[in-house]
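This report concerns only the one structure given below.
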């Protein structure tokens, strides 16, 4: 018996743009969704991450493949990952038939301020922008962040509340799960 394919929502944006917060709120509305958090995934795949370009490529490709396998088995997933290079999101779009890209657009200054104040890092490196100021590669600061060209949804998280963001995602998901 063939199972219906699941949907994959990739929530992308700068560190501190609100990806994990939105993922958590979506999970409350759709408890059947499985959140694939890059920061947790990376700790398993590379216990001592270097954040080199080569390492990022391996980890992101593995994350995309995991999301593909899960959706093939009928699971709905949220990919909570910066995905700073477009090629990884393009790969996901190519491999996952029900793929939705949600771009959390946020000015760098706001993202930096939020990141400084966040209490729960969910395995994300603490003080990422402070480390970036010392030369550590941080997307949007001193490493590229390639904005999506045609995401299914853009949410300006400095202008839209988390509640309104969830409403926007719900509307999008309802139109893509049929």
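Residue numbers (the numbering used here): 60 to 237. A virtual CB, placed ideally from N, CA and C, is assigned to each residue, including glycine.
Next on the checklist: Could you tell me the alpha carbon to alpha carbon distance between residue 217 and residue 173, rounded to whole angstroms?
Outcome noted: Taking the straight line joining both Cα atoms gives about 10 Å.
Checklist entry - If residue 151 and residue 123 are in contact, beta carbons under 8 Å, what's the gap, nearest whole angstrom? => result Taking a contact as a CB-CB distance under 8 Å, the pair residue 151 and residue 123 counts as one, their CB atoms being some 5 Å apart.
Item to check | Nearest candidate by alpha-carbon position, reference residue 171, set 131, 76, 68 | outcome: Closest option to residue 171, Cα to Cα, is 76.
Checklist entry - Measuring CB to CB, does residue 161 end up less than 8 Å from residue 212? => result Annotated as proximal: residue 161 and residue 212, with beta-carbon spacing under 8 Å.
Checklist entry - Which first and last residues belong to the alpha helix (DSSP H) in which residue 118 is found? => result Element bounds for residue 118: 112-131.
Item to check | Unbroken alpha helix (DSSP H) run spanning residue 164, endpoints | outcome: Looking at the DSSP string, residue 164 is not in any alpha helix (DSSP H); the run it does join, the beta strand (DSSP E), is 158-164.
Item to check | Distance, residue 175 Cα to residue 83 Cα | outcome: One C-alpha to the other measures close to 20 Å.
Checklist entry - Distance, Cα to Cα, residue 141 vs residue 220? => result Those two C-alpha atoms are separated by around 20 Å.
Checklist entry - Looking at the unbroken alpha helix (DSSP H) that takes in residue 217, where does it start and where does it end? => result Counting along the chain, residue 217 falls outside any alpha helix (DSSP H), and DSSP gives it neither H nor E.
Next on the checklist: So, for residue 215: in the same chain, excluding its five sequence neighbours on each side, which residues have a beta-carbon less than 6 Å away from its beta-carbon?
Outcome noted: Excluding the 5 residues flanking it on each side, residue 215 has same chain C-beta neighbours closer than 6 Å at 164, in chain order.
Checklist entry - Is residue 139 buried or exposed, if buried means 16 or more other CB atoms sit within 10 Å of its CB? => result Label assigned to residue 139: buried.
Checklist entry - What is the residue span of the beta strand (DSSP E) that residue 69 lies within? => result Run containing residue 69: 67-72, per the beta strand (DSSP E) assignment.
Item to check | As assigned by DSSP and simplified to three states, the class of residue 263 | outcome: Only positions 60 to 237 of the chain appear in the structure, and residue 263 is not among them; the question remains open.
Checklist entry - How is the beta strand (DSSP E) around residue 169 delimited, first residue to last? => result Here residue 169 belongs to no beta strand (DSSP E); instead the alpha helix (DSSP H) covers 167-176.
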